[in-house]
Structure formats: structure tokens, C-alpha cells
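S.K.: I am attaching a structure below and will ask some questions about it afterwards.
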Amino acid sequence: MSEDAIIKKFMYVNRKSPYGTIYALESLEVVLITAAFDQDVSLTFTDDGVYQLMKDQKTDGIGMKNFSSTYAALGDYEIKKIFVDKESLDERGLSLSDLQELVWEDEDEDYAEKSSINLVSRADLSKIMNEQDIVMSF
Amino acid sequence: MKLGILINEGPYQHQASDTALQYVKAAIQKGHEIYRVFFYNDGVNNATRLATPPQDDRNITKEWSALAKNHNIDLVVCVAAAQRRGILDKGEAERNGKDSDNIEEGFRISGLGQLVEAGIQSDRLITFGD
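Just so you know, the protein sequences line up as chains P and F, in that order. One rule links them: number in the numbering used here = place in the first sequence (from 1) + 4. One rule links them: number in the numbering used here = place in the second sequence (from 1) + 41.
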């Protein structure tokens with residue numbers, strides 16, 4: 005790939021609940037493609053976007069495809085920076101234990117599984133966003 | 042400056058595409074380069090030539106098409122998002138066994154890699170969406 009020389013910091017900001025609109029699913033599609041371009045990818049989940057990571061999702065009743073297992077594969081795509089907005093969880097009466105565990109394998113430590121999820125305040129999130137080259141919001 | 046443009050909403054329902062059009066025109070006037078305009082989510086609906094808005098209203102698709110022709114702008118529609126929503130060029134229509142295509146002149150259908158590439162190659166990527 006001719007773009008190999010340039011590595012930019014891409015952040016995807018997920019703000020919507022998973023099935024009410026298509027944004028969550030189509031955001032995930034861009035995320036996976038960006039990883040294939042060997043870019044520095046991170047994800048943020050904020051506002052209703054935190055619902056995307058809820059564990060034990062069941063979609064039979066609404067006739068839609070349950071794509072929540074895809075998030076668990078992000079580690080295999082070398083996506084290991086996942087930021088969850090703490091205030092958004094608090095506002096919804098949620099905590100980290102309501103979310104899926106997302107991990108990546110550290111090659112340098114005998115493939116030890118490490119958590120990809122970082123619980124961050126909005127103030128910290130704003131700093132992290134400022135460090136990005138590209139922010140795409142879905 | 043080299044600019045990449047991402048449009049995530051369809052025409053008329055949402056102002057995103059109108060605003061992007063005005064933005065791109067202004068950027069060109071100021072001497073900036075538009076590296077690519079990428080249509081994603083319902084934004085792919087901007088590419089259908091079959092839309093027939095009332096005659097006293099703007100035709101957003103035609104405006105994009107004219108702008109692309111006059112300034113040689115690359116208008117790319119995401120293939121996966123387009124297939125979901127029935128936006129097809131001739132090749133896609135044939136491949137999927139559909140009886141017609143509907144893409145406007147000046148638009149082309151391609152993959153999401155074109156969006157990532159626009160992010161990598163442009164100085165700024167500007168999103169128009171909800």
C-alpha cells in the first residue's frame with residue numbers, strides 16, 4: 005500500500021444506541037477498514053453510544069442482526085484503545101460491569117490478554133480528541 | 042489546503058449535503074483543493090439521478106454533478122452503504138441481478154478504503170452529518 009509511510013491518528017466517536025439507527029453498525033465497518041490500512045485507530049463511546057458495548061444483547065425481538073460480537077474482535081485488528089465516557093455511563097445508571105470485556109493480546113508479554121477499555125472523564129476525553137489527526141463521529 | 046469531505050446524511054431530509062455543497066464551493070473559490078467527497082450512511086442517497094424534486098426547489102444531486110464536472114472533483118459513494126439503500130451503477134446492477142442502475146453522472150461507487158485514504162492524504166477531513 006502506498007499509504008504505508010503515513011500513519012495518522014483516527015478516532016471514531018460513537019454517540020448513538022446500537023439499533024435505533026444504522027450509525028453504530030456502519031461506524032464499525034469504517035473502523036475495521038481503517039485498521040486494515042495500518043492506521044492508529046481509537047474508539048470513543050459517549051452519550052447513548054455506551055449502549056453499543058452492553059453485554060448480553062439479544063435482538064431476536066426486533067428482527068435485527070446482533071452485531072455486538074464484532075466489538076470483541078477489535079483486539080484482533082490491533083485496535084486496543086477504546087475510551088468509554090464515564091459521565092455517560094453514570095447518567096444512564098450503568099457501570100463497566102454492564103459492558104462486554106474487550107481485550108487485546110500483548111505479543112511482548114507472551115500474548116497476555118489486556119483490557120482495551122479505558123474509562124475516562126469528559127475532560128480527559130477532550131484532551132485525547134485534541135491529539136487526533138482525524139475524528140469521525142457517528 | 043487539501044480537503045477531504047465526508048457526507049453522512051441524505052438530501053432534503055437533512056441540511057448536511059446542502060451545507061457541504063456551499064462549503065466545497067467556498068473552499069474552491071478560496072483556492073483550496075478538494076481531494077475527494079465521500080458519501081456514507083444515508084449520504085449515498087445524494088447520488089441517485091432518479092430523484093425528482095419540485096421544479097422550484099434545488100436539485101442537490103444535479104448540483105453535485107455539475108460541481109464535479111466543472112472542477113474535476115472526485116465524488117465517491119460507499120459500495121456497502123449504497124447496496125443496502127439501492128444505489129447502483131451499471132456494474133453493480135449487473136453483478137447483483139438488478140434491472141436498472143440509478144447513479145448520477147460524476148459519482149462513482151467504491152469501497153470505504155477511499156474514505157480512509159482521503160483521511161490520510163488530506164490536510165483536513167470535514168464531516169457533514171447529524
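Idealized CB from N, CA, C, for every residue including glycine.
(1) Would you verify that the beta carbon of S101 of chain P is, or is not, closer than 8 Å to some beta carbon of chain F?
(2) Does R99 of chain F come out as helix, strand or coil in the three-state DSSP assignment?
(3) Which residue's Cα is closest to the Cα of E95 of chain P: P:K118, P:Y55, P:D128?
(4) Using a Cβ-Cβ cut-off of less than 9 Å, give me the residues of the segment 66-96 of chain P that come near chain F, in sequence order.
(5) Where does the unbroken alpha helix (DSSP H) through G160 of chain F begin, and where does it stop?
(6) Would DSSP call R96 of chain P helix, strand or coil?
(7) Does the beta-carbon of K84 of chain P have 16 or more other beta-carbons within 10 angstroms, so that it is buried, or is it exposed?
(8) Please name the residue in P:D60, P:V34, P:I138 whose C-alpha comes closest to that of L78 of chain P.
(9) Apart from the five residues on each side of it in sequence, which residues of its chain come closer than 7 Å, Cβ to Cβ, to E7 of chain P?
(10) What residues in the segment 7-19 of chain P have a beta carbon less than 9 Å from any beta carbon of chain F?
(11) Reducing DSSP to helix, strand and coil, say where E7 of chain P ends up.
(12) Any chance you could list the beta strand (DSSP E) runs of at least 3 consecutive residues sitting entirely within the segment 47-134 of chain P, in chain order?
(13) Determine the chain P residues that contact I161 of chain F at a beta-carbon separation under 8 Å, and present them in chain order.
(14) How many whole angstroms separate the CB atoms of G84 of chain F and N49 of chain F, which I take to be in contact at a CB cut-off of 8 Å?
(15) Would you call the segment 89-98 of chain F and the segment 54-73 of chain F touching, i.e. three or more CB-CB distances under 8 Å?
(16) Among residues of its own chain, excluding the 5 on either side of R149 of chain F, which ones have a beta-carbon nearer than 8 Å to its beta-carbon?
(17) What does A61 of chain F touch in chain P if you count any residue whose Cβ is under 8 Å from its own?
(18) In terms of residues, what are the limits of the alpha helix (DSSP H) holding L32 of chain P?
(19) Closer than 8 Å, Cβ to any Cβ of chain F: which residues of the segment 19-32 of chain P, in chain order?
(20) Among residues of its own chain, excluding the 5 on either side of E74 of chain F, which ones have a beta-carbon nearer than 8 Å to its beta-carbon?
(21) Anything in the segment 73-86 of chain F with a Cβ closer than 9 Å to a Cβ of chain P? List those residues in chain order, please.
(22) For N113 of chain F, which option in F:A159, F:G127, F:R77 has the closest C-alpha, if you only look at C-alpha atoms?
M.R.: In brief:
(1) Sequence index remark: in the first sequence, residue 101 of chain P carries index 97 (1-based). For S101 of chain P, the answer is no, since every Cβ of chain F falls outside 8 Å of its Cβ.
(2) The sequence position of residue 99 of chain F within the second sequence is 58, counting from 1. Coil at R99 of chain F, not helix or strand.
(3) Position 91 of the first sequence, counting from 1, holds the residue named residue 95 of chain P. Comparing alpha-carbon positions, the option among P:K118, P:Y55, P:D128 lying closest to E95 of chain P turns out to be P:Y55.
(4) Along the segment 66-96 of chain P, there is no position whose C-beta sits under 9 Å from a C-beta of chain F.
(5) In the second sequence, residue 160 of chain F corresponds to position 119, counting from 1. Segment 154-162, the alpha helix (DSSP H) holding G160 of chain F.
(6) Taking the first sequence and counting its residues from 1, the one referred to as residue 96 of chain P is at position 92. Correct three-state label for R96 of chain P: coil.
(7) Position 80 of the first sequence, counted from the start, is the residue given in the question as residue 84 of chain P. By the 10 Å Cβ count, K84 of chain P comes out buried.
(8) As a first step, residue 78 of chain P is located in the first sequence; it is residue number 74 there, counting from the start. Taking only the C-alpha atoms, the option nearest L78 of chain P is P:V34.
(9) For this step, residue 7 of chain P is matched to residue 3 along the first sequence. Because the pLDDT at E7 of chain P is just 48, under 50, the model does not fix this residue reliably, and the value given afterwards should be weighed accordingly. Around E7 of chain P: F41.
(10) E7, I10, I11, K12, F14
(11) Reading the first sequence from its first residue, position 3 is the one you call residue 7 of chain P. Model confidence at E7 of chain P stands at a pLDDT of 48, short of 50, so the residue's coordinates are unreliable; what they give is reported in the following sentence. Helix.
(12) 85-89, 107-110, 116-119, 121-124
(13) Start at 1 with the first residue of the second sequence, and residue 161 of chain F comes out as number 120. Within chain P, the residues near I161 of chain F are E7, I10, K12, F41, Q43.
(14) Start at 1 with the first residue of the second sequence, and residue 84 of chain F comes out as number 43. Start at 1 with the first residue of the second sequence, and residue 49 of chain F comes out as number 8. Between G84 of chain F and N49 of chain F the beta-carbon gap is near 5 Å, inside 8 Å, which marks them as a contact.
(15) no
(16) Here residue 149 of chain F is taken as the residue at index 108 of the second sequence, counted from 1. The answer, listed in chain order, is D115, L116, V117, V118, D130.
(17) As a first step, residue 61 of chain F is located in the second sequence; it is residue number 20 there, counting from the start. In chain order: nothing, as chain P lies at least about 15 Å away.
(18) Stepping through the first sequence from its first residue, residue 32 of chain P is reached at position 28. Counting along the chain, the alpha helix (DSSP H) containing L32 of chain P begins and ends at 27-40.
(19) I26, Y27, E30
(20) On the second sequence, position 33 is the one that residue 74 of chain F refers to. Excluding sequence neighbours, E74 of chain F sits near M42, K43, L44.
(21) Y81, N82, D83
(22) For the purposes of this step, residue 113 of chain F is identified with residue 72 of the second sequence, where counting begins at 1. Per the Cα distances, F:R77.
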